[in-house]
Each structure stands twice: as C-alpha cells, then as structure tokens.
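First the structure, in the form of structure tokens, and then the observations on it.
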Amino acid sequence: MRIAFLGFGEAARAFHDSLAPKLGDGEFRAYDLLLDNADKASEMQAAMTTRGVRPEASPAGLADTEWIFSAVTADQSLKAAQSIAPHLGQGALLIDINSVSPGRKRETAALINETGADYLDMAVMAPVHPKGHATPVLIAGKSAAGLLERLRDLGFSADVAGEAVGSATAIKMVRSVFVKGLEAITVEALLAAEASGCFEEILASLSGSFPGLDWSKFPDYQFERTTRHGRRRAAEMRESGVTLDALGLNGGLAREIAAVQDEMAASGVKPAADLRDTVARVLSARRQGK
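What follows is the structure, encoded as structure tokens:
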C-alpha cells in the first residue's frame, strides 16, 4: 500500500509512526512546504528520511499513491488541495484531516471530486499523541461507510459521522469552541489573577468550585497546550468562527479565543514545573508584546 502525506507536521508524523508497523512493506511519501524553505528544508527532510518516508519535490509526486492525507495548517488546507488536484485521477483518495469549517471541506471535496478522485472528511477528535493514527476520528463523505472496515483493520479508531462532507468536521469545530475556549478562559483568568495580586486566592477558589478538573494538573496542561500549539489552535478557532457565523451564531467568540491562543504562542514561553513561575513569565511576555 502506498500512502502519502501532504504536509508533514506533528499530526502526519504521529499517524506515520503508528501506522507504519501495521503496513509492513508499505511505502510512504511526503511533501511539505518547508522543503522549499532554505532555513528549514534540512530539518524537514531529516524528519522524513529518518522515518523511511520518501520526500517529494512537489505535491505531484504524491498523486499516484492510494491514500493522501492532507495535514497542513487550517489556513493552508484549500491551497494544499489546489496544489495536488491537477495531478489526481481515478483511484486516488484524499483524506482531509485538517481542522477547518464544513464549508471549507465541501469546497475542497468539490475540487477533488472534479478530478475523478475520492475525498474523505476526517476529523481528529483528540491529541494525536500518544495514540497516533489510533486517535479517535470521525469520517464523513460518500465513501465513508465503505472505508470504515478497512480503516478499522489498520487500527484507526473510526466512526462514521454521516454521508455528507462536513458532517465530521462540524462536530470537531463546535466541540473546539468549548475545548479551546476553556484553555483561553483558564490562562486569561490566571494571568489576570497574577496581575491583580490574587493568584493563590483565585486558584483556591476555582479548585473548590470545579474539583473535577484536578487543579494540580489542569492549569499546567492549559498553559502547555496554548504556548506550544497556540498558533495552530488559533487557526482552528478562526475556522470555528466561520462555522458559527454560517449557523447564524456568534463567530466573534471563536475569533476572540483565537486571539488569546495567538498571544500565548507569541509569548515564546516554555512552561516550567512550577505553575506560578510559568504564569509570571507569560504575563511579562504578554505585557511586553502589547
């Protein structure tokens, strides 16, 4: 079996690393825009070759594989599809795991289907580590039901969300408003507590009011996720905003969450074991960035 990755960041690498042992003699290829970046090409190429993945000079080199996972940043998802579409044909399957709005996935599906290739809307419903491709996913599209058994045989924890493209990502986008919103609320509240001189009081109050969140670990995790993955999460939240707008709801809420995620990533802070130290350093960096 020949599998390709259009975009070879964290998600693609995690999928490859757990999927490769399942395929035995399977062949893997990948293309990433960073291969064209003089400063980052060697690092990206090494990430591919050390895994036995063949780097391709352009998306065209992926076109004759059976499955092509599109795994790019949310703002690049349609451009990525446009880059490979002219080279696709009957027998190819583009599996779009990008965190984008239902409308974006429908637009992408129409582009891919025009070539004669198939398109699968796949939504990854949890962090890709440590399970890799066995992370729970939802799939949608005309070929979803037919692919379910094959995906499960390969170790995917997959369920069908519906026949209509966008059904899977709709669940992801709406859920993300809560998940990424909770991250944003947590870090902003604790930063404000530190700035106000009432950090310990706020932390104790929240711990008492919401004991199920396990405040010995919960806030550390929120700071780690937002500082490490904030830019990608911000791009996803902007897509959630588009989703809410299309539903006649408040997409501005999701865009405000995106702004917090962006600011956390821009702080450049690497969380420490001591939560208070992390909060103080992020607060200082955020203030300097204003």
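Residue 145 is where the sequence shown starts when you use the numbering used here, and the numbers rise one by one after that.
Glycine residues also receive a C-beta, built at the ideal position from the N, C-alpha and C atoms.
Asked: Limits of the alpha helix (DSSP H) - the one that S221 falls within; Found: 221-228
Asked: For E171, three-class secondary structure by DSSP; Found: strand
Asked: Local conformation of M381 per DSSP, three classes; Found: helix
Asked: 4 or more residues per run - each alpha helix (DSSP H) lying fully within the segment 195-277; Found: 221-228, 246-257
Asked: Cut-off 6 Å between Cβ atoms - residues of its own chain near D176, not counting five sequence neighbours on either side; Found: G151, F152, M188
Asked: For D303, the first and last residue of its enclosing beta strand (DSSP E); Found: 301-306
Asked: V281 (DSSP reduced to helix, strand or coil); Found: strand
Asked: Close beta carbons around L335, own chain, < 8 Å, minus the five adjacent residues each side; Found: V423, V426, L427, R430
Asked: Inter-stretch contact at 8 Å, needing at least 3 Cβ pairs: the segment 292-305 / the segment 180-187; Found: no
Asked: Residues sharing a beta bridge with L335, DSSP; Found: Bridge partners of L335: none, in fact.
Asked: Three or more C-beta pairs below 8 Å linking the segment 243-260 and the segment 383-397; Found: yes
Asked: Neighbourhood of A312 by C-beta, 7 Å cutoff - its chain only, sequence neighbours within 5 removed; Found: D265, M266, A267, L282, I283, A284, A305
Asked: In DSSP terms, what L178 is bridged to; Found: The partner list for L178 (beta bridge, DSSP) is empty, contrary to what the question assumes.
Asked: Exposed unless 16 or more other CB atoms sit within 10 angstroms - verdict on G395; Found: buried
Asked: Best match in A236, L357, K275 for proximity to I256 [C-alpha to C-alpha]; Found: A236
Asked: Among D219, A261, T209, the one whose alpha carbon lies nearest that of Q234; Found: A261
Asked: Sequence-distant residues of the same chain with beta carbon closer than 7 Å to L419, five excluded per side; Found: P363, D364
Asked: Cβ contact (3+ pairs, closer than 8 Å) linking the segment 318-328 and the segment 389-406; Found: yes
Asked: C-beta contact flag for D240 and A253 at 9 Å; Found: yes
Asked: Per-residue DSSP class, three states only, for L163; Found: helix
Asked: Cβ separation of A410 and G433, assumed to be a contact under 8 Å, to the nearest whole Å; Found: 6 Å
Asked: C-beta atoms of M192 and P199 nearer than 9 Å; Found: yes
Asked: Nearest residue (CA-CA) to T370, options T279, F172, Q405; Found: Q405
Asked: Proximal residues to K166 (C-beta, below 6 Å), its chain only, five neighbours per side dropped; Found: L298, G299
Asked: Buried versus exposed call for F354 [16 or more other C-beta atoms within 10 Å across all chains shown]; Found: exposed
Asked: Buried/exposed call for T217, threshold 16 Cβ in 10 Å; Found: buried
Asked: Rounded Cβ spacing between N242 and S214 (contact assumed at less than 8 Å); Found: 6 Å
Asked: Through-space distance from C342 to A278, alpha-carbon basis; Found: 42 Å
Asked: Proximal residues to E293 (C-beta, below 8 Å), its chain only, five neighbours per side dropped; Found: none
Asked: Cα-Cα separation, A158 to E407; Found: 26 Å
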